[in-house]
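Asker:
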Amino acid sequence: MLVLRKMLMLCGLALGFILLLQGRIYAFEATLTYTVGSISVIRGGNPVSVQIGMTIQKGDIIQTSLGSTAIISIDETTDIKVRENTSLDIEKVKDDIRVNLFSGSIFSRIIGKLRGTYSVSTETVLAGVRGTEFFIAFGKQIDDLPDVWLCVNSGSVKVEVIATGASAVIREGEGINILGGTNLTPAKRYKWTKQLNWNMDPAQGDVEDRTDLSQAYDDLLDQDYD
Amino acid sequence: MKKILFMLILCSIFISPSLIFGSHVPIPPDGVLEMENYIRVFLKYGSYTPTLSLEGRWEDENFQFRYRAITLGGYYRATKHLKVGAFYRLQQGARHDDNWINLDPGWAWWDTRGRTEHVLLLDATPRFLLDFLPGQSWVFTLKNRYLFNTYNSQHTLTVRPGITYFLLGNREPRFNFSFNYDFYIPLNYGDTFLYAHWPYLNVLYHVSGIVKLDFSAAYKTVTWSTSEDAILAGESEYTVRANSLVFGLGMILQFEL
Chain Z
56 MLVLRKMLML CGLALGFILL LQGRIYAFEA TLTYTVGSIS VIRGGNPVSV QIGMTIQKGD
116 IIQTSLGSTA IISIDETTDI KVRENTSLDI EKVKDDIRVN LFSGSIFSRI IGKLRGTYSV
176 STETVLAGVR GTEFFIAFGK QIDDLPDVWL CVNSGSVKVE VIATGASAVI REGEGINILG
236 GTNLTPAKRY KWTKQLNWNM DPAQGDVEDR TDLSQAYDDL LDQDYD
Chain Y
16 MKKILFMLIL CSIFISPSLI FGSHVPIPPD GVLEMENYIR VFLKYGSYTP TLSLEGRWED
76 ENFQFRYRAI TLGGYYRATK HLKVGAFYRL QQGARHDDNW INLDPGWAWW DTRGRTEHVL
136 LLDATPRFLL DFLPGQSWVF TLKNRYLFNT YNSQHTLTVR PGITYFLLGN REPRFNFSFN
196 YDFYIPLNYG DTFLYAHWPY LNVLYHVSGI VKLDFSAAYK TVTWSTSEDA ILAGESEYTV
256 RANSLVFGLG MILQFEL
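For the protein sequence lines, the chains are Z and Y, in the order given.
Read in order, the letters of the first sequence correspond to residues 56 to 281 in the working numbering.
Read in order, the letters of the second sequence correspond to residues 16 to 272 in the working numbering.
1) Check the Cβ of Ser259(Y) against every Cβ in chain Z and list those closer than 8 Å, keeping chain order.
2) Are the C-beta atoms of Arg189(Y) and some chain Z residue less than 8 Å apart?
3) Chain Z partners of His96(Y), CB-CB under 9 Å?
4) Quick one: residues in its chain with C-beta nearer than 7 Å to the C-beta of Ser240(Y), no 5 flanking neighbours on either side, listed in chain order?
5) Can you tell me whether Asp277(Z) is helix, strand or coil according to DSSP?
6) What are the partner residues of Leu97(Y), as DSSP defines its beta bridges?
7) Chain Z partners of Leu219(Y), CB-CB under 8 Å?
8) Checking contacts by CB at 8 Å: is Tyr82(Y) closer than that to chain Z?
9) For the stretch 231 to 252 of chain Z, enumerate the residues whose C-beta is nearer than 9 Å to any C-beta of chain Y, in chain order.
10) Flag Leu74(Z) as yes if its beta-carbon sits less than 8 Å from any beta-carbon of chain Y, otherwise no.
11) Could you work out which residues of chain Z lie near Arg55(Y), taking near to mean beta carbons separated by less than 8 Å?
12) With 16 as the cutoff for other CB atoms within 10 Å, does Val103(Z) come out buried or exposed?
13) Rounded to whole angstroms, what's the CA-CA distance from Gly171(Z) to Ile152(Z)? Just pull it up for me.
14) Using a Cβ-Cβ distance cut-off of 8 Å, determine whether Tyr90(Y) contacts chain Z.
15) Are Asn155(Z) and Arg186(Y) closer than 8 Å when you measure CB to CB?
16) Measure the C-alpha to C-alpha separation of Thr187(Z) and Ile165(Z) and round it to an integer number of angstroms.
17) Let me see if you follow: with CB-CB separation under 8 Å, is Phe181(Y) close to chain Z or not?
18) For Thr179(Y), which residues in the same chain have their Cβ closer than 6 Å to its Cβ, ignoring the five residues on either side in sequence?
19) Please confirm if Leu144(Y) has its CB atom under 8 Å from at least one CB of chain Z.
Quick look at the structure:
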């Protein structure tokens, strides 16, 4: 009887430890550190009051409107800068942080040592990194689904098309357009990406990025031949 | 009576123009093939695009390298749909109506290859994306140019409506297919509303972001009006149409600064 009680205690302790461990692993600390313009946080389907320093919880949807910018710090290892007209949420599975981008564009910068991986996911594309700085954005919708642009400022990013498994590694200074979110094009240096404002520290100057993303496409009205 | 009329019409079609017109009237060459070659450089810097163009043409029945020009200037994108430009052109070998001269005896075109002319040009080109058409990459262009030739103080307006289809690959232009119609309107010379007009087809191949190769074919009609020498000689007035098939082959270099 005593043995059984001891075993039950041990099992309870083990279960408690596992639950504790799981709680520690699955939780993440995301903080809104900077805002400009109109930012919304939707929690459980309802908007909550937004203020600098607030904690972003799992399942929160962060939305920026036209001309707005927000910076979110995750686990003190990753900063993301959210451009205007963007919608996303953040989740963590074990040690892996994933940002689900529903619309718009974000900059990501890994500033600390990640315990797991960091990735940004759209409906069709998964961009996974280790120690890097990159920008991901929805482009024009010419096919059934919008294009996805990804540009790397430092390090490298592995881009994977979720449906087909096709992948490519994008290196520092390069960009890629994933046509309709499903077709990889050759990575290359795009001139327009030089205008991106990678700064995420307000103390270091302007953090807003006003790059006109339509420049990513050839302007057919701006072609001279004679 | 009807038979006689029919015969007269038939004769007027088949008899050589030289038999109809007097010798003071230039005889349009028949079935002339001409060739135009050019290199154009565009340096895009924001809304400004300075340009340099070198152009040469092999002309007439003897395929003589006659017209050559260098053009300097630039475009400014005033609005999304409008570009304006100003240019200066130095040219040799241009042929004007008054270059049909009285050699006494005989008449001939003056060899103008050694004559230098200065031309000032102003350009206004509106463009519109016809995204309702299949492929969403059709552009309508209306190129309008005003030319002032300081050599003979001739004022000219050229109007060129055209449509271009951009064949895209990975969202970037690979080929352009264009159809244009050029109208050359003399404002203070000539006896006709149109001095020249030509429809032409273009195929432009984007070798890279910088290098493009341009091929074109045009059916050109020029109307020569009475020359000054013919008037001075007291000859009768004339207007003569000369047709030629002009092929173009050129290279276009586009740099973004």
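No residue lacks a Cβ here, since even glycine has one placed at the ideal position from N, Cα and C.
These numbers were taken from a predicted model, which means no experiment stands behind them.
Answerer: Short version:
1) One-based indexing of the second sequence puts residue 259(Y) at position 244. Residues of chain Z passing the Cβ test: none, with the nearest at roughly 19 Å.
2) Translated into positions along the second sequence, residue 189(Y) becomes position 174. No, because no Cβ of chain Z sits closer than 8 Å to the Cβ of Arg189(Y).
3) For the purposes of this step, residue 96(Y) is taken as the residue at position 81 of the second sequence. Chain Z residues near His96(Y): Leu276.
4) Residue numbering aside, residue 240(Y) sits at position 225 when the second sequence is read from its first letter. Here the set comprises Asp112, Gly205, Asp206, Thr207 and Thr254.
5) Indexing the first sequence from 1 puts residue 277(Z) at position 222. Reduced to three states, the DSSP call for Asp277(Z) is coil.
6) Reading the second sequence from its first residue, position 82 is the one you call residue 97(Y). Note: Leu97(Y) sits in a beta bridge opposite Thr94(Y) and Pro141(Y).
7) Mapped onto the second sequence, residue 219(Y) falls at position 204. Neighbours of Leu219(Y) on chain Z, chain order: Tyr280.
8) Along the second sequence, one-based indexing puts residue 82(Y) at 67. Output row for Tyr82(Y): interface = no.
9) Asn232, Leu234, Asn238, Thr240, Pro241 and Lys246
10) Position 19 of the first sequence, counted from the start, is the residue given in the question as residue 74(Z). Any reading at Leu74(Z) must be qualified, since the residue scores a pLDDT of 47, below 50, and its modelled position is unreliable; no value is offered.
11) One-based indexing of the second sequence puts residue 55(Y) at position 40. Within 8 Å Cβ-Cβ: Tyr280 and Asp281.
12) Along the first sequence, read from residue 1 onward, the residue named residue 103(Z) stands at position 48. It counts as exposed.
13) On the first sequence, residue 171(Z) is found 116 positions in, with the first residue counted as 1. On the first sequence, residue 152(Z) is found 97 positions in, with the first residue counted as 1. Approximately 7 Å between the Cα atoms of the pair.
14) For the purposes of this step, residue 90(Y) is taken as the residue at position 75 of the second sequence. Yes, its Cβ sits closer than 8 Å to a Cβ of chain Z.
15) On the first sequence, position 100 is the one that residue 155(Z) refers to. On the second sequence, position 171 is the one that residue 186(Y) refers to. Their beta carbons are not under 8 Å apart, which means Asn155(Z) does not touch Arg186(Y) by this criterion.
16) Walking along the first sequence from the start, residue 187(Z) turns up at place 132. Walking along the first sequence from the start, residue 165(Z) turns up at place 110. Thr187(Z) and Ile165(Z): Cα-Cα distance of roughly 6 Å.
17) Position 166 of the second sequence, counted from the first residue, corresponds to residue 181(Y). Answer yes: the Cβ-Cβ gap between Phe181(Y) and chain Z drops below 8 Å somewhere.
18) The residue you call residue 179(Y) lines up with position 164 of the second sequence. Excluding residues within five positions, the ones whose Cβ falls inside 6 Å are Val154, Asn191 and Ser193.
19) For this step, residue 144(Y) is matched to residue 129 along the second sequence. Yes, because at least one Cβ of chain Z sits closer than 8 Å to the Cβ of Leu144(Y).
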